[in-house]
Amino acid sequence: MITILTSGCLGGGTAADHNDQYVAEELQVGKVISIPYSPVLYTKTASDFTWEFSTVELDEDTRLRYEEKIPIAPGGYIVKETEQEIYMIVSAGMMAATDGFEIESINMLEEELGEEPILNIKLSSVQDESTKDYAGEASVTALIVIAKSALPVGETILGVSMTGVNN
22 MITILTSGCL
32 GGGTAADHND
42 QYVAEELQVG
52 KVISIPYSPV
62 LYTKTASDFT
72 WEFSTVELDE
82 DTRLRYEEKI
92 PIAPGGYIVK
102 ETEQEIYMIV
112 SAGMMAATDG
122 FEIESINMLE
132 EELGEEPILN
142 IKLSSVQDES
152 TKDYAGEASV
162 TALIVIAKSA
172 LPVGETILGV
182 SMTGVNN
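Now the structure itself:
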């Protein structure tokens, strides 16, 4: 395991100012366990348009749960859980209608297992040709499915950390 210690100064003062606040953050880098997923739905929703791309036909319950969560803040949120799968919405929040995102990776850190397993999602920005003629901003979201059998044995998702777009 590699431990990196970073520190910084908060506030508008100078280093000579005795009221400066210092923040130390410990980043732990350990074994990363990739979590496979399947993309199901990708949506851009604005006040004057909705654009969507789907890879499968969703049941009505899952679609309604997804649509209810579209205006949610950026992050990853569980929409529905079955015996075998976890449906999760990944939201980049509001973006220019011509922009979008792709999921670079989804993983868990081995040392977090058994304690507070966090699902780490990394996004990257992309230019979206399919909405190049749309103006304004849209809420950009994706629905993904993670097979419970793809998670490390005995683990559940207790939290989600997301980096990349709008973070």
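Quick note: my numbering has the sequence shown finishing at residue 188, numbered continuously throughout.
Beta carbons: idealized from backbone N, C-alpha and C, even for Gly.
In this structure, DSSP gives SER68 a state outside helix and strand, which the three-state scheme calls coil. Between THR76 and LYS101, the gap from beta carbon to beta carbon reaches 8 Å or more. When C-alpha distances from ILE178 are compared across ILE139, THR103, LYS143, the shortest belongs to ILE139.
ALA118 sits in coil when the DSSP states are folded into three classes, being neither helix nor strand. With contacts defined as CB atoms closer than 8 Å, SER160 and PRO92 qualify as a contacting pair. In the structure shown, THR162 adopts extended strand secondary structure according to DSSP, grouped into three states. Here PHE122 is buried. Its C-beta has 16 or more other C-beta atoms within 10 Å.
Bridge partners of GLN148 according to DSSP: ASP120. Residue range 96 to 102 is occupied by the beta strand (DSSP E) that includes LYS101.
A straight line joining the alpha-carbon of THR119 with that of GLU150 spans about 7 Å.
Residue burial is scored here from C-beta neighbours: PRO95 has at least 16 other C-beta atoms within 10 angstroms and is therefore classed as buried. In this structure, the beta-carbon distance from TYR58 to ILE165 falls below 8 Å. When rounded, the separation of the alpha-carbon atoms in GLU104 and THR64 is 26 Å.
A Cβ-Cβ contact shorter than 8 Å links PHE70 with TYR155. In this structure ILE99 is not in contact with PRO173, their Cβ atoms being roughly 17 Å apart against a cut-off of 8 Å. Rounded to the nearest angstrom, the gap between the Cα atoms of SER126 and LYS143 is 5 Å. DSSP places LEU130 within a strand segment (E or B) once states are collapsed to three.
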